[in-house]
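One structure below.
Residue numbers (our numbering): 691 to 1157.
This is the structure we're talking about:
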């Protein structure tokens, strides 16, 4: 192991396959199984995949139907449980803060840190530090983490990605440029699919190729705002500090179109795509949203925003998308539209999830960029999901038990629904603390079977109903 020292060590810590790992932690029967977390409907999208599922080619952001086809009959598909992921994240980073008081959270499963105690340390010493921290997280929480170290954020983040799964990589200063320049240009943090394709068409395949471009060439390809900053990173110049991030007040995504949208049929998929893009960031943030905002920029550059407030905070994509679509206005009435954005606000860690709706992944893929902004002109329509019309009372619907639902039974305790159909429901009774549990099949009308708080699957005192 190298004894080379660095005056500055930045750490990037990233939980491995976090959503799927939490499901396997709280549902021990699923350990080593190909788990897919995400929407189960016809247009569902993968929010997370276990390494066993990734071995078949499944990955995050892939359409669920495609991932299921790749994995085959052994795939276990579960809906996201944001409240559980948030609780696990909070416990992990409480441990991290005991070692590194200042951390910069990127999402609730990854963060940067710059341990003061490691200034001037050797590669061997930072590796020992990382292994000790990873061991604490695994022994205390039960989740695997990968860690990368470098002299700046860029190197640290790339190193942690290459350390996966469940590893450590520390890049000594003398090797950083060679390490960086051999990597594909898309590995550079900030180069996305569009800019990556643009660079590759110019014969720029590696980060080293990009570093050799002139400043004028970089600006002509990537623009004067982003280009120079990325060019510095490609040349190994990265002195960005590690700082605490304030919690966002709004999470949003928006797209500008090359051709104005002039029909409602064109606007609908654009709203779906923006809602989906913002939803990915909402899941990564770990909070639920109560207010949905639709932003429309017209061809005359005026901005129209409309909002609706839901009865409770949620992370359900289908609920959020439906709310955004209710706010849509026909371009034939308001004029051609050049930009569409969807934002979520009223963010809170108290999340409530519908047990009966799927996460839909609307098709239509304009490139989205994250933004938080104050609108120039606003038209606001506040409403709730309360019924607007009085309807006759309908007969009670039969009880439904979707796969992944958390349940409890007075005799068997906490469990989760493995499947249902033909008048029966099969429940696996287990939590993080029990080890693999036994499966019991009930009639769907079993009165003793009740919905449960997903946090109870953690079996942590003070979390869920244990406190």
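Ideal Cβ positions, reconstructed from N, Cα and C, are used throughout, including at glycine.
Residue environment analysis places residue 928 among the buried positions, since at least 16 neighbouring C-beta atoms fall within 10 angstroms of its C-beta. With contacts defined as CB atoms closer than 7 Å, residue 1002 and residue 982 fail to qualify as a contacting pair. Going by DSSP, residue 819 is part of the alpha helix (DSSP H) stretching over 813–830. The C-alpha of residue 697 lies about 8 Å from the C-alpha of residue 841. Rounded to the nearest whole angstrom, the C-alpha separation of residue 858 and residue 935 is 25 Å.
The DSSP-derived three-state label of residue 1112 is coil. Assignment of residue 1105 by DSSP, reduced to helix, strand and coil, places it in the strand class.
Short of 7 Å from the beta carbon of residue 715, and not among the five residues preceding or following it, lie these beta carbons of its own chain, in chain order: 832, 833, 1122.
Taking C-beta separations shorter than 8 Å and ignoring five residues to either side along the sequence, residue 902 has no partners in its chain.
With a minimum length of 4 residues, the unbroken runs of alpha helix (DSSP H) contained wholly in the segment 844–878 fall at 866–871. Taking residue 770 as reference, the option from 990, 742, 1127, 754 with the minimal CA-CA separation is 754. Judged by their CB atoms, residue 752 and residue 736 are nearer to each other than the 7 Å cut-off.
Residue 897 is positioned such that its CB atom lies closer than 7 Å to that of residue 924.
DSSP places residue 1001 within a strand segment (E or B) once states are collapsed to three. For residue 855, the CB contacts under 6 Å within the same chain, skipping 5 residues up- and downstream, are 706, 741 in chain order. Remark: C-beta atoms of residue 980 and residue 1000 approach each other more closely than 7 Å.
In the three-state scheme derived from DSSP, where H, G and I count as helix and E and B as strand, residue 893 is classed as coil.
DSSP lists 941, 982 as the bridge partner or partners of residue 1034. Look at the beta carbons and you see the segment 820–831 not touching the segment 866–873: under three pairs across the two are nearer than 8 Å. CA-to-CA, the gap between residue 895 and residue 1005 works out to about 38 Å.
A direct Cα-to-Cα measurement between residue 996 and residue 1022 gives close to 17 Å. DSSP, reduced to helix, strand and coil, places residue 797 within a strand of the structure shown.
Secondary structure note for residue 716: its alpha helix (DSSP H) is the uninterrupted segment 708–716.
Cβ atoms of residue 794 and residue 802 come within 8 Å of each other, at about 4 Å. Listed in chain order, the non-local C-beta contacts of residue 816 below 6 Å within the same chain comprise 699, 808, 839, 860, local neighbours out to five positions each way being set aside. Taking the Cβ atoms as the reference, residue 862 lies roughly 5 Å from residue 813, within the contact range of under 8 Å. DSSP places residue 835 in the uninterrupted beta strand (DSSP E) bounded by 835–840. The distance from the Cβ of residue 975 to that of residue 797 is about 7 Å, consistent with a contact at the 8 Å cut-off.
Residue 887 sits in a helix when the DSSP states are folded into three classes. Classified as buried, residue 805 has 16 or more neighbouring CB atoms from the shown chains inside 10 Å of its CB. Within the same chain, and ignoring the five residues on either side of residue 748 in sequence, the residues whose Cβ sits closer than 7 Å to its Cβ are 726, 736, 739, 757, 760, 761. In this structure, the straight-line span from the alpha carbon of residue 888 to that of residue 800 is close to 29 Å. Within the same chain, and ignoring the five residues on either side of residue 1037 in sequence, the residues whose Cβ sits closer than 6 Å to its Cβ are 977, 979. Per the coordinates, the alpha-carbon of residue 933 lies some 11 Å from the alpha-carbon of residue 791. Around the beta carbon of residue 892, a 10 Å sphere encloses fewer than 16 other beta carbons of the protein chains shown; the residue is thus reported as exposed.
Going by beta carbons, residue 1138 and residue 1096 fall outside the 7 Å limit.
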